[in-house]
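*Asks:* The sequence shown runs 2 to 440 under the numbering used here.
Every residue, glycine too, gets a C-beta built ideally from N, C-alpha and C.
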Amino acid sequence: MTAELPSPGLIIAAPSSGSGKTVVTLGILAALKARGISVSSLKAGPDYIDPAFHAQATGRPCFNLDPWAMRSETLNATIAEASLNSDLLIAEGVMGLFDGATLDLGSTADISKLTGWPVVLVVDSRSQGASAAAQVLGFHTYRDDISIAGVIFNRVGSQKHQNVIRAAMQRVLPDVPVLGMIPWNQNLELPSRHLGLVQASEQDGLKSIINGAAQCVEAHVDLVALQNLATPVQTSGQVKPLPPLGQHIAVARDEAFAFAYPAVLQGWRNQGVELSFFSPLEDQSPNAQADAVFLPGGYPELHAYRLASATKFLDGLRQAADAGKTIYGECGGYMVLGESLEDGQGEHHVMVGLLPLKTSFAKRKLHLGYRQLTLLTDTPLGSAGQVFRGHEFHYASITHKGIPANLFNASDAEGTDLGAIGLSKENIFGSFAHLVDQT
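1. At a cut-off of 8 angstroms, would you count L30 as near the ligand HEM, judging by its Cβ distance to the nearest heavy atom?
2. Out of G383, Q373, S384, which has the shortest C-alpha to C-alpha gap to G420?
3. Assess, as a yes-or-no matter, whether the stretch 312 to 324 is touched by the stretch 262 to 274 under the definition of 3 or more beta carbon pairs within less than 8 angstroms.
4. Could you tell me which of L246, A397, G416, R167 sits nearest to S384, measuring between CA atoms?
5. For Y143, tell me which candidate among R156, D100, L266, H350 has the shortest Cα-Cα distance.
6. According to DSSP, is F433 part of a helix, a strand, or is it coil?
7. Does the count of Cβ pairs from the stretch 205 to 216 and the stretch 235 to 244 closer than 8 angstroms reach three?
8. Roughly how many angstroms separate the alpha carbons of G46 and L30, rounded to a whole number?
9. Pull up the distance between the alpha-carbon of L89 and that of R36, whole angstroms please.
10. Do F430 and A397 count as a contact pair if the criterion is CB distance below 9 angstroms?
11. Hey, quick one: how far does the beta strand (DSSP E) through S398 stretch, first residue to last?
12. Could you spell out the range, first to last residue, of the alpha helix (DSSP H) harbouring L33?
13. Sort Q163, A169, V177 by Cα distance to I183 and report the nearest one.
14. Is it buried or exposed, Q160, if we count other Cβ atoms within 10 angstroms and call 16 or more buried?
15. Report all residues from its chain with a CB closer than 7 angstroms to the CB of D223; omit the five preceding and five following residues, and keep chain order.
16. Between the Cα of A414 and the Cα atoms of F54, D105, V24, which residue gives the shortest distance?
17. Go through the stretch 142 to 181 residue by residue and report every complete run of the beta strand (DSSP E) that reaches 3 residues or more, in order.
18. Hey, how far is the Cα of E93 from the Cα of S42?
19. Count the other CB atoms, across all protein chains shown, that sit within 10 Å of the CB of K44; report buried if there are 16 or more and exposed otherwise.
20. Answer with buried or exposed for K359, where buried requires no fewer than 16 other C-beta atoms within 10 angstroms of its C-beta.
21. Considering only C-alpha positions, which residue in the set E343, F409, G386, T380 is nearest to T400?
22. Between the stretch 167 to 177 and the stretch 127 to 143, do three or more beta carbon pairs fall short of 8 angstroms?
23. Grab me the residues of T59's own chain with a C-beta within less than 7 angstroms of its C-beta, minus the 5 sequence neighbours each way, in chain order.
24. Would you decide whether T312 is buried or exposed? Buried here means 16 or more other CB atoms lie within 10 Å of its CB.
25. Where R61 and G403 are concerned, what is the direct C-alpha to C-alpha distance, given to the nearest angstrom?
26. Taking DSSP as the reference, what is the three-state secondary structure of Q187?
27. Tell me whether E427 is buried or exposed, calling it buried when 16 or more other Cβ atoms sit within 10 Å of its Cβ.
28. Which residue comes first and which comes last in the beta strand (DSSP E) that contains E331?
29. CB-CB under 6 angstroms to L382, same chain, minus the five flanking residues each way: which ones, in chain order?
30. Nearest to G107 by alpha carbon, out of D255, N65, A78, A133?
31. How about R255 and P281: do their beta carbons lie closer than 9 angstroms?
32. At what residue ranges does the stretch 41 to 104 contain a whole run of the beta strand (DSSP E), taking only runs of 3 or more?
33. Can you have a look at L326 and say buried or exposed, based on whether 16 or more other CB atoms are within 10 angstroms of its CB?
34. Which residue from V25, S132, L296, F295 puts its Cα closest to that of A169?
35. Quick test of your reading: G345 and L338, contact by CB under 8 angstroms. State the CB separation rounded to the nearest angstrom.
36. Ignore the nearest five residues each way along the sequence and tell me which others in N18's own chain have a CB closer than 6 angstroms to its CB.
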């Protein structure tokens, strides 16, 4: 596909995580939609949770952009996919503007460099006055290949506080517009847990929060000026990051299996694959007509009892395995393919038992980082030697791992060898890694 008239885009970034950029981005997306603008969103980095919030605000899928994990053609095609039937693209950054996989690659700033999109910086102005302007100055001058095109100061206090920040900005960066001053509002804070924000599907009051953020942005941000900053980038191609597991893939989807990249699923559709979805938490089996099953990551550790009690789901997986169908699990899905899962309270729950693996959420250890992954065995994803890029983010520990073939040899973003990970047993395979793209 080609975006004949490429949608203009811009990036909402911040000096650090916790600046409130996600809520500000949600407010901008919802406020623009309310104005009748067809706005689509993108999210920098390997994030599953924020894109689901974006989708709630826009009514459209949110695709990830990752300059470390994605090939240039995948980045290009992803932007083209998001541009379809869109007037404007808003990309939310990850962490701080210059934080990435390594010092030199993978940051939100790198996306700005690659696309030419301007950066709007969201600055948490609590407990600082003129220092907020000094912070913007530092970000504005840190790299000469990107520019800060505008600033939104978040969590501001009194009118005097606003006046001090505006005066300081006028002194040091008179050509960088202050697009808005958003007052602090505790009702617009989003709850978090061990892997980030509590999922959008689990928040009954999310619609109210998004509406409140949109009203706040409408009242305190110059949306016309913000929209006028956006610039187009010529894009083309169909997003196809991963080879398909089969011609009809049954995909687990619910609160326990929510971490599937929209670009991966759309990429399979673009390759002529039929997708069907089922909920293990509702004790649903994968579609009997499917020739492959994908179990994404998510939060099975929070729902281990329900999953262990979901006999139709577990029996459906076993029947699919016996029929020779491909079954692939990532992270939480990998844990469920194992023999047992120990929850946070130390209770052991029997899982499907298709791989000789036992895992524990009670014995927590953080595993976090980008991964380069080389297949050690032939799978529908590719032959031995095929290289992928992805990431790992979980707190679970392996308490037992059997002797079938390992799936990948892994290294981190700096190239440090991490050894073999995952398991492969005939038509069943998986690991703790989330695949983003092939190389």
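*Replies:* In short, the structure shows the following:
1. The ligand HEM is not part of this structure, which contains no ligands at all.
2. Q373
3. no
4. L246
5. D100
6. coil
7. no
8. 19 angstroms
9. 12 angstroms
10. no
11. 398 to 402
12. 22 to 35
13. Q163
14. exposed
15. L180, G181
16. D105
17. 149 to 157
18. 8 angstroms
19. buried
20. buried
21. E343
22. yes
23. L30, K34, V40, S41, S42
24. exposed
25. 42 angstroms
26. helix
27. exposed
28. 327 to 331
29. P244
30. N65
31. The identity of residue 255 in the sequence shown is Asp, whereas the question assumes Arg. Contact flag set, yes.
32. 64 to 66, 89 to 93
33. First, the residue type needs correcting, since residue 326 is Lys and not Leu in the sequence shown. The residue in question, K326, is buried, as its Cβ has 16 or more Cβ neighbours within 10 Å.
34. S132
35. With 8 angstroms as the limit, G345 and L338 do not qualify as a contact, their Cβ atoms being about 20 angstroms apart.
36. The identity of residue 18 in the sequence shown is Ser, whereas the question assumes Asn. Hits under 6 angstroms: M96.
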